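To keep things clear, I will list the structure first and then write my remarks on it.
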Amino acid sequence: MSAPKKKIKVPRVVRLHSNEIKDITSAASGEVCAIFGVDCKSMDTFSDGDTSKAMSSMYVPDAVMSLAIRPSEKNRQDAFAKALNKFTREDPTLRIRVDDDTNETVLSGMGELHLEVYLERLKREYNVECESGQPKVNYKETINKKVKYEWLHKKQSGGSGQYAKVVGYVEPLTEEEMSELADGIRYEFINNCTGTNIPPEYHISCAKGMKDAMVEGALVGSEVDGIKVVLEDGASHAVDSSDLAFRICMANGVRDAMKRAQPSILEPVMKVEVQIPSEFQGSVVAGLNRRMGQIEASDVSADGSGVNLLAEVPLSSMFGYSTELRSGTQGKGEFSMEYSRHQPVRRDVQEELMKNHEKERMEKAA
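When the sequence shown is numbered by UniProt numbering, its final residue is 366 and no position is left out of the sequence of numbers.
Written out as structure tokens, the structure reads:
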């Protein structure tokens with residue numbers, strides 16, 4: 001087993017077909033099989049004892065929707081935690097975190113249906129009924145112009161103080177630069193410092209401060225995406241400079257620069273595929289248009305009885321679509337969707353999101 005590189009004994013290998021399980025002694029290349037009684041997670045590689053190679057991991061996109069949940073009964077908390085731990089080991093697209101402000105457990109995944117499946121599994125497999133809030137789209141923030149920063153962090157309160165200064169600029173990453181980054185990395189830090197104005201031992205702290213600034217953007221507190229941060233110069237103090245001082249200084253300097261760099265909000269856009277009988281094509285296309293969708297392709301079946309529609313639709317517009325499609329096609333329509341990309345929201349949508357964020361912030365502070 002490639003990770004965590006340990007030997008295991010496989011007690012049983014089976015082939016799955018629908019709801020049937022058939023024991024087998026071996027599986028050839030390309031076959032799908034299952035093993036029992038092995039502690040593992042998604043993307044682990046199994047091999048014989050003479051092979052130490054691991055298959056390359058698949059690309060896992062960022063979660064695009066989040067849902068705050070909690071068990072209805074406090075005595076089911078242990079089962080709740082056990083279930084979520086198992087789910088995240090099975091599914092790398094499912095993320096779990098605890099909100100720092102509300103202390104709520106937040107489930108994040110690839111869409112409304114994805115999260116609903118896990119709520120149903122909690123109930124069916126672990127007997128855990130959950131209360132949940134409203135699903136929320138995972139927006140991101142970016143910047144749209146190059147801006148210089150020069151930030152001084154100076155604090156003196158008796159004894160040794162804190163002193164750090166950083167100078168540099170932030171700018172948007174180009175599409176080419178984004179494509180060259182490693183999977184899952186959405187920003188870049190470049191250290192162009194020369195000399196000893198910032199001693200080398202503090203360069204790592206500056207990088208950490210930059211990452212701190214990427215956690216929350218200036219508009220709605222969403223993760224920052226597609227930004228390059230360049231550190232060019234700075235200053236230090238022989239006594240008062242420290243790792244903490246430079247980390248704080250860098251984070252605040254970058255945050256200030258992002259506010260001045262024409263920040264904007266990005267929303268997830270989904271590739272949507274809809275299969276419907278031909279007689280419903282007009283109404284379904286109209287429905288997708290109302291949801292700000294862009295029809296990419298429309299293919300009619302050979303006998304003319306069915307239509308396959310391909311569209312790109314903002315995820316925020318897809319809430320409740322399964323119900324609309326069922327009722328609008330007499331239960332005969334089906335759809336699937338997957339993440340495509342993030343794109344800038346319309347100006348009116350951005351203003352509304354900022355207004356709602358400020359309202360939530362004020363409510364939490366009250």
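Where a beta carbon is used, it is the ideal one built from N, C-alpha and C, also for glycine. No experiment lies behind these values; they were computed from the predicted model shown.
In the three-state DSSP reduction, I248 falls in the helix class (H, G or I). For G328, the enclosing alpha helix (DSSP H) begins and ends at Y321 to G328. L115 places its beta carbon less than 7 Å from that of L107. A218 sits in coil when the DSSP states are folded into three classes, being neither helix nor strand. If you ignore the 5 residues before and after G111, its C-beta comes within less than 6 Å of the C-beta of M65, all in its own chain and listed in chain order. Checking the DSSP bridge columns, you'll see M318 has no partner listed.
Look at I143 here: in three-state DSSP terms it is coil, with no helix or strand label.
Listed as beta-bridge partners of E20 by DSSP are H17. DSSP places V349 inside the alpha helix (DSSP H), whose first and last residues are R347 to A365. Taking C-beta atoms as the reference points, A261 and I143 count as a pair closer than 7 Å.
Spatial neighbours of T329 in its own chain (CB-CB distance under 6 Å, excluding positions within 5 residues in sequence) are listed in chain order as I276 and F280.
Contact between S336 and E267 does not hold, since their C-beta atoms are separated by about 20 Å, which reaches or exceeds 8 Å.
Judged by their CB atoms, D23 and V14 are nearer to each other than the 7 Å cut-off. For S336, the beta-bridge partners assigned by DSSP are E273.
In the three-state scheme derived from DSSP, where H, G and I count as helix and E and B as strand, F46 is classed as coil. In the DSSP assignment, S132 falls outside any alpha helix (DSSP H) and lies within the beta strand (DSSP E) extending over C130 to S132.
With contacts defined by Cβ atoms closer than 7 Å, D225 and R186 form a contacting pair. Residues of the same chain with a CB within less than 6 Å of the CB of G37, apart from the 5 flanking positions on each side, are P11 in chain order. CA-to-CA, the gap between T88 and D233 works out to about 42 Å.
Using a 10 angstroms sphere on the CB of V254, the tally of other CB atoms reaches 16 or more, which defines it as buried. Collapsing the DSSP output to three states places R255 in a helix.
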